[in-house]
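Under our numbering, the residue at position 87 of the sequence shown is numbered 87, and the numbers go up by one with no gaps. A quick write-up on the structure given underneath.
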Amino acid sequence: MKIILVRHGQAENDTRPDSARQLTDLGREQAAQTAEFVMTRYQPDQFIVSPYDRAQQTLAAFQACAPTVPFVILDNITPADDAHQALIDLGHIEAECLVVVCHMSIVAHIAGLLIGEYPESFALAEARVFEMDFVMAGMARETDRFVPKQPY
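Listed below in structure tokens is the structure:
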């Protein structure tokens, strides 16, 4: 099984509630770059996305490449949610290749749990690919990663 963890692209400043923040033009470009990288190398059979706007806008770039892949909004993968519970919930999803689009810091904590190491920050719209026989803490290995154009 593969889990591809993706952080959303660059979002606007905190001018509105966190859940309603939108991607910037650069954020949309980052999402498109990441989607192209992932979709040309992997065949996701399920998308999982946070309910927040910027994550859903990032996922839209993936859906443009693969409009028939089903998606599920998972309410507990927002920035302040518990990575342990999120990993348990991801483990209940039947898929061979799962793309999960969410946020810092939960995305780093899920990645850290998967490989049994301290969480490492994700760049904007970064994708990391993890392979495992089954979803459980410490049972995965990172096999690939992509970082799109960054604002700095």
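From the three backbone atoms N, C-alpha and C, an ideal C-beta is built for every residue, glycine too. Predicted model, so just to flag it, every value in this text is computed and none were measured.
Looking at the secondary structure, which residues open and close the alpha helix (DSSP H) in which E36 lies? 25 to 41
Locate the alpha helix (DSSP H) running through V99, then write down its first and last residues. Unbroken run through V99 is the beta strand (DSSP E), 97 to 102; no alpha helix (DSSP H).
Backbone secondary structure at V129 - three-state DSSP: Strand.
Residues in the same chain with beta-carbon distance under 7 Å from E158, minus the five sequence neighbours each way, listed in chain order, please. Missing from the structure shown is residue 158; the chain here goes from 1 to 152 and no further.
Nearest-angstrom Cα distance between V129 and E142? Their backbone Cα atoms lie some 6 Å apart in a straight line.
For R54, name the three-state secondary structure that DSSP assigns. helix
For I115, tell me which candidate among D133, A125, H103 has the shortest Cα-Cα distance. D133
For M39, which residues in the same chain have their Cβ closer than 8 Å to its Cβ, ignoring the five residues on either side in sequence? F62, C65, A66
In the DSSP assignment, what residue or residues form a beta bridge with Q46? L98
On the criterion of 16 or more Cβ atoms from any shown chain inside 10 Å, does G138 qualify as buried, or is it exposed? exposed
So, helix, strand or coil for V69, using DSSP? coil
To the nearest whole angstrom, what separates the beta carbons of H103 and P79, a pair I think is in contact under 8 Å? 4 Å
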